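Be aware that the sequence shown starts at 1, since it is given in full-length UniProt numbering, and climbs by one per residue. We treat Cβ as the ideally placed atom computed from N, Cα and C, and that holds for glycine. Every value quoted in this text rests on a predicted model; they were computed, and no experiment measured them. Heads up: the structure comes next, in structure tokens.
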Amino acid sequence: MTTDGMELAVRLVGEVAVTHRDRVVHPRVVGGRRCDIVLGYLAVNRHREVTLEELADVLWPALRPQSWNSAVRGVLSRVRDALEMAGMPPDTVRSRAGNVRLTLPDGSVTDLEFARGCCDPSPDDTVTVQDARTALRLLDGPVLRDVEGGWADELRAEADALRVRAHEVNAEGSLRLAEYEAAISSAERLIAIDPLRESAYRTAIRGHMGLGERGRALQVAANCRQVLSHELGVAPSAATEELFLAVLRGDTPSGPPRSAGVIGRATELTAISDAVARASRGAGQVVIISGEAGSGKSTVAHAAMDQARAAGADVLFGRCSEEAVVPFEPLVEAIGDDLDAAGADVARERLRDTGAGIFHLIPKAAHRFPDVTPEPPLHDDRATITTAVLEWLTTSTRRGPTVLVIEDLHWASPATSAVIRYLIHASSRSRLCVIATVRDEFLDDTEVRSTLAGAERSTGLRRIRLAGLSVAEVGAIIEASGAALDPVTLVERTRGLPLFVESLIASHLSGSGESLPSSIAESVAQRERLLTGDAREVLQLCSVVGMVAPRIVLRTVTAALTDHAFAEALDDLVRQRLIIDSAEGTTVVLRHPLVQEAVYAEIAGTRRAELHSRVARALTDLGEVGVPEEYARLAHHLSRGRDADRARAVSYWWRAGTSAMTLGAYEDSVAFYRSAERRLIPRGDSADRCRLWVDLGRAQRKARDPGFRATLLGATDMARRLGDVDLQVTATLANDLQGILYVHLHSDSERIADLYDALDALEKVGRGNSGDAARLLSQLAIELIWVSDHTTRQTLLVRAIGAARAAGDRRALVTALSAVVVALRVPQCAAFRRQSYDELMELLAGSPDRRIDPLVAVWIARQQIEYGDLQAANRTAAVLTDAQVSRDPELTWLASYLRFAIDLAAGRLDRCDGRLADMLDIPSPPLESYTFGRLLGPVVALRTLRGDMSEVADARAALTERFDIVDTYRACLATALVDVGDADAAADLVAWYDRPRIEKIPVNNIWLATIATIGRVAAQVGNTEVCDVAYEILSAHPDENTISWASVYGTVHHHLGELSIALDEFDRAADHLDDARVAHRERGFDGWYAETLYLVALLEQRRDGRASEKSLDRARRAADEVGATAVRRRIDALTG
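Pasting the structure below:
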């Protein structure tokens, strides 16, 4: 049970309640039904901050009241009252900057969380059953009665799953305790919930037989046969048939069957079997088996594999090794073995369905299918691997579910962990069940926690923790082994850890005559002392090679032994229970990582180095030196070998890093390059060290390691000192901006200086019109976005395009044209940007593979939104696959922003609320500290049309502090203050502007949106002086669209129309609004079309004294069609 230290604080089942120190308070009594809703929502989301907007959506999913902000705060006040009445600390609910968070006292949980802990089996069956029944009592009732919404439905689904789990645990435990009626009751409930659950029928049969009710047991068996035949057209499984025959014979199988290998783990295996069954119905599952080293995780996993195979699943197995020298190691092993086992015909069928991308991961297998050629991947693109792995595991050509078992997940490299997280996320609706083993001591490891958190967000996570075995269970193991040992003594000595129990039994049976060892390591040492010299040498070699040693490698290293002597040595190791010889005879597997650790630790240093060198020589003799996936393994052994061999490790570590980079295993690549760098001689400046730093910096950048900048700046400095222009250019180009950095208001003076230096160096050697020069010029223009005028950037990009054309370098030309789209987002360069965009699209369409770099796709889609080509933007955004964006949080955020921006532009405003919520998960910023600024553009653009701007107004203090940093913040805050009714404060902010201050605003990528926002709020507060200046500036660009990065803010004609109304230039306003209406309709900007129709009605009111009913009705219909509640509020105010 994992509820030790837990205290029930919030009840969500039955009547919602707060419980604390014997007090029970019902929030509904304190503040009504809404108090229940808010408390429940905050309780289940207490791991994060919740926005007031989010709470409003929960309270009023259809239509919010106009004063929703104050209404939400009122409900929060009642929630606080309820918590204080229960004696909770006064700061249990904290509000800050429009966000709310519930923090319960340490150890306090909801009833669902408590029930979840009660469903974890205990070594003591009595405790297990009591806990399960506690869970069932806690879950007896409806969850969040009368509360609607997807979040509440998810909680109800979780409660349903917990009830099932509690009944499973109660049924199996009651059966073992001979409480047959209780077992039957839970089994019948399980059958009622899922009539296809065979394990429940078997439990009911055993229960009836335990009560002597053979006739009823036969009836349950007949019902099982009938349901399976009718629903699925299949016969019962072998296990059910065997039990049915036992009942016919009159046997009395009163408990679940046990085998010596899995004694005490029946409940766990049943849970895994049910997870596989759920996966077979298209609900992807994740099972995490955790426990101490030696608790039997591998044994349970392998028993589960046998069960799954018997049930018709395809089972794949891969292990992570502590050294992690092979990129994506467990997947290489699992899929490589799967390809071998499938046979040529089945493999070809799968390849026809999935494509040959899997050969990028398993290149050795490609020679078996010479007619199948994989498409070349984009350079170092992890998405190619992740997509290929997912498609291979979930291909529709598989007849049943797929079970992927990953042993020792805690040793997975960061790159491997990232791919596993993607598989878990992407397979939630597939027939894939991922089973992973994790040692308890690593559960708090960063990578493991991240993987488990991702699994927890999926719908099918099951955590199984293996505790020690009971005295009775240890007694059963002793009996099966034939040993004469006292089970009580063994449990006291081993705490019931199965591996330790088996080690002591092995030591006892070895005939050593020594006393029982006090640890697994001592047990291994005792048995090692009994080995022959040949067997001891082979065992030491196994510990040096790793958990799994290819037999051919061992045989090559021990060539001095005869075949007979080698076979005798292996037999000796098997007898001493130290190794497992594989069934096919190709590998030798140590029984457990603890065995490897114990043996390796006892090898003397000189002897250990000698063995590593011998293994490296064997790998070389076997031809592994030219196999990319073996570079790191060879480097590992050379690094630990004799001094004469260690120098050779540098080149193999370097090659391993390059190979890993090609596969997209960026984090592994960083580790391999660092290993090479530490060993590279000489220590000072050299061309080799400079090249290695460039490779390392690129890998660090891909792995999102902030150290990439220092590495690449150092490489550039070294290249300058060496006087190597090519290396200087290579290092400078490697140190470029990536992802969201393009939209930061940031410049890097050191990188800018390096770009100028590299350009000067190329000019001096007569290469000013080369492709490299074009790339440097393009990058320089991007770096200068926030610190130069647009004419400077345009001049650089004209030069870049010319250099690329002169060099005939198509890729450099694509880079230069893409940079125009990034760096010249100002109306003064509109014609040049359009020309460059058209040429860029033509070049990409003519590309042989027609594939677009994900980051280029982001900028193209953003440009298409600005041009009002929303269908094209949708097609371009679709290029960004989940596999591509999942590895990069910044790219993920940009992709989310694009989806939001497309919906916003198209007027799908109801979707935008959810899209905006997705964007709240902002990646940790590498450069800035104020992340709300990144959301300000989309928030203001959306809330201009839908909802209100209270969240912007709530950020008043933070925005005010930054007025001198970002010119648009003052105007955005003033706009928000008008929206929430504080027009006087807004007018004060607008009064700060005058002509000199407005004209001093830099013409950068947010200049047009800034001027439009100033003009809009000036019109709203009636500041005609500012309106005059804004109109004069904007009138030079009437046909442009105003856009804040990708968030459309209406055509400039629209803003000119609003300014003209404020200036009483009514005829001019009518002309602008006509143009705006046409432009918004043509471009599909339906939300802004509604806003323009509102301005038409406003114009009539100002000019004629009242708006016509026709104009009002047309504006209302347009606003209602797109859910533009803010626009509708302004329309209604015209008649109020």
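Measuring only the C-alpha atoms, how far is E763 from P628? 39 Å
When DSSP labels each residue in this structure, what does C320 get in the three-state scheme? coil
Beta carbon of G454, beta carbon of R421: below 8 Å? yes
Could you check if R368 is buried or exposed, using at least 16 other CB atoms within 10 Å of its CB as the buried criterion? exposed
What residues in its chain sit with their C-beta under 7 Å from that of L935, if we drop five residues either side in the sequence? M919
Simplified DSSP assignment, three categories, for L390: helix
Using a 10 Å radius around the Cβ and a threshold of 16 neighbouring Cβ atoms, would you call P257 buried or exposed? Its pLDDT being 41, under 50, P257 is placed unreliably by the model, and the measurement read from it follows with that caveat. Exposed, by the Cβ-count rule.
Near A616, which residues of its chain fall below 7 Å by C-beta distance, leaving aside the five closest residues on each side in sequence? L634, H637, L638, G641 and D645
Can you give me the C-alpha to C-alpha distance between G768 and R721, rounded to a whole angstrom? 21 Å
Assign Y867 to one of three DSSP states: helix, strand, or coil. Note: Y867 maps to coil in three-state DSSP.
Which residue wins for smallest C-alpha separation from R137, given the options R704, W1007 and F114? F114
Grab me the residues of A549's own chain with a C-beta within less than 6 Å of its C-beta, minus the 5 sequence neighbours each way, in chain order. C542 and V588
Between the Cα of G107 and those of E7, R23 and L76, spot the shortest distance and give me the residue it belongs to. Closest in C-alpha terms to G107, from the list E7, R23 and L76, comes E7.
Go to Y1049, then tell me how far its beta strand (DSSP E) extends in each direction, as first and last residue. S1047 to T1051
Cβ shell of F900 (< 7 Å), same chain only, five flanking positions each side left out: C912, R915, L916, M919 and P938
Nearer than 7 Å: is that true of the beta carbon of A676 relative to any heavy atom of the ligand SAM? Summarising the ligand content, the structure contains no ligands, and the ligand SAM is consequently not present.
Drop a sphere of 10 angstroms on the beta-carbon of E168, count the other beta-carbons inside from all chains shown, and report buried for 16 or more, exposed for fewer. Burial call: buried.
Could you give the C-beta distance for T1013 and T960, rounded to a whole number, given that I count them as a contact under 8 Å? Between T960 and T1013 the Cβ distance is about 16 Å, and since that is not below 8 Å, they are no contact.
Cross-strand partners of S108 (DSSP beta bridge): E7
By Cβ distance, which residues of its chain are closer than 6 Å to I94, with the 5 residues on each side in sequence left out? The residue asked about is misnamed: residue 94 is Arg in this sequence, not Ile. Around R94: R101.
Which runs of the alpha helix (DSSP H) fall wholly inside the region 881-935 and span at least 4 residues, in chain order? 882-886, 889-906 and 909-919
Length of the line joining the Cα atoms of A365 and D621: 21 Å
Between I801, P363, Y867 and G264, which lies nearest to E839 when the distance is taken from Cα to Cα? I801
Quick one: what does DSSP say I580 is sitting in, helix, strand or coil? strand
Judging by CA-CA distance, which residue of A161, W1007 and I263 is the nearest neighbour of R176? I263
Going by the beta-carbon positions, is the gap between A436 and I406 smaller than 8 Å? yes
Pairwise C-alpha distance: S280 and R614: 47 Å
How is L12 classed by DSSP in three states: helix, strand or coil? In the three-state reduction of the DSSP assignment, L12 falls in the coil class.
Count the C-beta pairs between the region 673-680 and the region 385-393 that are closer than 8 Å, then say yes if the count reaches three, no if not. no
When you compare the CB positions of A953 and A1019, do they come within less than 8 Å of one another, or not? no
Same chain, Cβ closer than 6 Å to S259, neighbours up to 5 away in sequence not counted: Interpretation of S259 is limited by its pLDDT of 38, a score under 50 that renders its predicted location unreliable; no figure is taken from the coordinates.
Distance check for S273 and D314, CA to CA, integer angstroms please. 14 Å
Whose C-beta lies closer than 7 Å to the C-beta of T1125 among residues of the same chain, with five residues either side of it excluded? R946 and G947, listed in sequence order.
How far does the alpha helix (DSSP H) with N170 in it reach, from first residue to last? Per DSSP, N170 belongs to the alpha helix (DSSP H) from G150 to R176.
Relative to the C-alpha of R751, which candidate in R862, T384 and T711 has its C-alpha closest? T711
Chain-order list of residues whose beta-carbon lies under 8 Å from that of S929 (same chain, five-residue window excluded): Any reading at S929 must be qualified, since the residue scores a pLDDT of 49, below 50, and its modelled position is unreliable; the value itself is stated next. No residues qualify anywhere along the chain.
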